[in-house]
Structures are given as structure tokens and as C-alpha cells.
Amino acid sequence: MVLVQTPLRVSFVGGGTDFKEYYARRDGSVISAAIDKYVYVMVKKRFDDDIRAVYSKTEMVKSVDDIRHDLIREALRKTGVEKGVEIATFADIPSEGCGLGSSSAITIGLLNALHAYTGVRKTSEELAQEACDIEIDILKRPIGKQDQYIAAYGGIKHIVFKVNDTVQVNHLDLTGPSVKLLEQRLLLLYTGMTRKSSEILTEQKEKMGEHFTMLDKMNGLVPQLKESMLNGIGTEFGRLLDKNWRLKKQLASKISNSDIDTCYERTLQAGAVGGKICGAGGGGFLLLYCTPEKRGAVTEAAKPMREVKFRFEKCGSIVLLDVRP
């Protein structure tokens, strides 16, 4: 039996420049961070040759081709596991529409677990490449590459998406006190709203040509945030989040809505410096930056949104358990 843990993530600035429609013309970049909220994948040998997949539903099939869960089906194909196996996925946070990169974390976790089950250990780079191949090239999902890479690598990363289709993952060498300070000044709030990210991202992808200037501006925030973080965590971090969010909202019609906008403005009035909706937008989680003395007032202003406490996670996808009979 194999058990794999893969982190979810929060993305700070640059999201959208990880789409091929952008980085095929000029390098894109993001700053993204893994957090201590996880998806888990368990893989276990069966007595018979059937395949059993357990997620929000349960499937029992004879052939890989019959599996309805597209990520499980394609991960089995990619790793060459064809029969006699049970797969179960579960998560710390409900994954549907959460905006924390859960789909890509599941894909990375599935690949890591199934490779380990076959006795193969893949590098973070290999896992990320395979996950991108499944989600973007095979399943044609309207997404970029940052979620696969941060789930595979973990940590707080500056990720560059090169014109030549390679990806450069740079670790941000923050001091321990700086990481702790950032954790103390970030609030992660569940909006209570879920959405189909594919609808928002499809519109964003279709309109990428007319919004290229805004994406350039978002891309330009990445070196500013990187410099700010390396020079000490201060209110500039929050201001750059706010700039990124106000640009991001213009990329597609459903990235924000009146409820999100009203709540966000209330939190700014209560003392938050800035923030953004995580992921595609439209719901999921709101990330805010505020000083510790304003935290209580900001949390109160955000009600009925619920705070989810988190820390950053240094590790990417890891095998927690690998037991052989």
C-alpha cells in the first residue's frame, strides 16, 4: 500500500501568465506558495483484477478505459497500472471549486502514488511535466502550469514559464522570521461560494489577446513582490496583492461578483492592506494581508466568511507510506 501527501497552494501575483497563450510570446512568471493543507492519495493492491476508485463517488470497473474520473483514468494510463488496484483520494479541504489548486494537487498525488506503487520514484520536475501533459495536453483543460509545479515542488517559489516551453523553479530564500511574519500577516477566508473554474478560465483564455496588456502588468508585479519579500515583509506585500487583484478582475466576467467586492472593500476599511481571491475566482478562498493588530477587525468585517489557519509547507508531494507485502 502507498500513501502520498500533496500540498494545496496560495498564489500571490502573476497568475494567468502561466497559460501557453501568454508565455509563447514572452516569459510568464508567478510567485506561489504551498500550504499545510493537503490532498491524499492511497493506492492498494486488490485480490482480483478489478479497479476500484473511491473519491466523492465509488467506481468499480474491469478496464481503465471505463473509469469516469478523468484524472484517475489518465494517471493510470500514464503510469501503466492496468488492473488489480484500489485508489482512494481525500482532502483536508473540500476540493470542488476551492481555488487552492486542488485538481492539480490530486493529479500530482495520483502520479506520485501510482509510480511509487510500481516501484518507481519520479522527481518533482517529472511529476509536474506529467501532470501538465494530462491536464493541459490530454484533457484540454483551460489552465496554466503553476499549480502542477508548486504542488510537486512545495515551498515558496518564483516560477518562470519560458517561451521555449520549459519551466524554471526558483526557491525564494526567505529567512525563518520572514516566513513566520508572513504567516502572521496573511488571512485565508472561505467565502462559502464554489464555482466551476473551467467556465471562468475558458473565458479568460479566449480573451487573452485583448487582455495582454493587463497580463503584462501582472507579470511586472512578480519582480516587485520578489524584491519586497527578500528585503523584509512589509505593507508593500499587501499593496501588490491589491494591484494584482484589481487587474485580475478584468480578465473575465465572473472572476468577482458583488458579494466578493463588497466583502473585500469592508476588509480594506477594517485595516486590510490588500488581497485577492485565490485561483480562478468567483468564490473559494479570499487571501488578505493585514498587520496583527488589525487581524481581529478584518476577520470580523469579513463575516460570514470563515478563517482557515495555515502555515507554509516546505515539501511538495511526498510518499508518506510505502508498505510491500
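When you line the sequence shown up against the numbering used here, it's residues 18 to 342, in that order.
C-beta atoms are modelled at their ideal positions from N, C-alpha and C, and glycine is treated no differently.
What are the boundary residues of the alpha helix (DSSP H) that residue i is part of?
i	result
Asp-53	Element bounds for Asp-53: not the alpha helix (DSSP H) but the beta strand (DSSP E), 45-62.
Asp-276	275-287
Tyr-166	163-170
Ala-70	Note, Ala-70: premise wrong, no alpha helix (DSSP H); beta strand (DSSP E) at 68-71.
Asp-339	Segment 335-339 is the beta strand (DSSP E) holding Asp-339; no alpha helix (DSSP H) there.
Gly-255	252-265
Cys-115	No alpha helix (DSSP H) holds Cys-115; DSSP gives it neither H nor E.
Ala-148	141-149
For residue i, collect the residues of the same chain with a Cβ closer than 7 Å to its Cβ; drop the 5 residues on either side in sequence, then sort them by chain order.
i	result
Ile-217	Ala-269, Lys-271, Ile-272, Ala-297, Gly-298 and Gly-299
Lys-95	Leu-128, Glu-147 and Ile-151
Asp-339	Val-19 and Ala-133
Arg-256	Val-290 and Gly-291
Arg-26	Ser-49, Ala-50, Ala-51, Ile-52, Leu-117, Gly-118, Asp-164, Ile-167 and Ala-168
Met-231	Leu-264, Gln-267 and Leu-268
If distances are taken between C-alpha atoms only, which option among the options comes closest to residue i?
i	options	result
Asp-87	Gln-22, Pro-24 and Ile-153	Ile-153
Ser-121	Ala-133, Thr-106 and Tyr-281	Thr-106
Gly-292	Asn-261, Leu-338 and Val-78	Asn-261
Ala-168	Glu-200, Val-137 and Thr-124	Thr-124
Val-19	Arg-90, Gly-136, Leu-204 and Ala-318	Gly-136
Tyr-72	Asp-66, Lys-79, Arg-85 and Ser-80	Arg-85
Leu-303	Ile-173, Ala-318, Val-239 and Met-322	Met-322
Leu-189	Gly-172, Phe-178 and Leu-205	Gly-172
Leu-144	Ala-314, Gly-126 and Asp-44	Gly-126
Glu-99	Thr-308, Lys-62 and His-175	Lys-62
Thr-308	Ala-319, Lys-326 and Gly-288	Gly-288
Lys-243	Ser-49, Tyr-39 and Asp-44	Ser-49
Phe-178	Ala-319, Thr-23, Arg-43 and Leu-25	Arg-43
Glu-223	Tyr-39, Val-56 and Met-246	Tyr-39
Tyr-55	Ile-104, Val-81 and Cys-115	Cys-115
Thr-23	Pro-342, Met-77 and Lys-331	Lys-331
Asp-182	Arg-312, Arg-138, Asp-109 and Cys-149	Cys-149
Pro-194	Leu-247, Leu-93 and Lys-234	Leu-247
Lys-157	Phe-64, Thr-219 and Asp-278	Thr-219
Can residue i and residue j be called in contact, C-beta distance under 9 Å?
i	j	result
Glu-147	Val-186	no
Tyr-207	Ala-51	no
Val-102	Ile-155	no
Phe-329	Val-196	yes
Val-180	Tyr-166	no
Thr-316	Glu-324	yes
Gln-221	Gly-31	no
Ser-28	Cys-295	yes
Asp-66	Lys-79	yes
Met-225	Asp-276	no
Val-239	Ser-46	yes
Gly-333	Leu-117	no
Gly-161	Thr-34	yes
Leu-191	Lys-326	no
Gln-286	Ala-318	yes
Met-235	Leu-264	yes
Put residue i into one of helix, strand or coil per three-state DSSP.
i	result
Val-196	helix
Glu-330	coil
His-132	helix
Glu-99	coil
Lys-222	helix
Gly-298	coil
Phe-36	coil
Ile-176	strand
Lys-157	coil
Arg-94	helix
Gly-237	helix
Lys-271	coil
Gly-126	helix
Glu-244	helix
Glu-227	coil
How far does the beta strand (DSSP E) with residue i in it extend, from its first residue to its last?
i	result
Met-77	75-78
Arg-26	19-30
Val-186	184-188
Val-315	That residue, Val-315, is in no beta strand (DSSP E); its alpha helix (DSSP H) goes 312-318.
Glu-103	102-108
Leu-206	203-207
Phe-302	302-306
Ordered along the chain, which non-local residues of its own chain (more than five positions away) have a Cβ less than 6 Å from that of residue i?
i	result
Leu-198	Ile-250
Asp-259	Gly-291
Ala-130	Val-19, Val-21, Val-58 and Val-60
His-228	Leu-268
Using a Cβ-Cβ cut-off of 8 Å (strictly less than) and excluding sequence neighbours within five positions of residue i, which residues of its own chain qualify?
i	result
Glu-252	Sequence check: residue 252 is Thr here, not Glu. Same-chain partners within the cutoff: Val-290, Tyr-306 and Thr-308.
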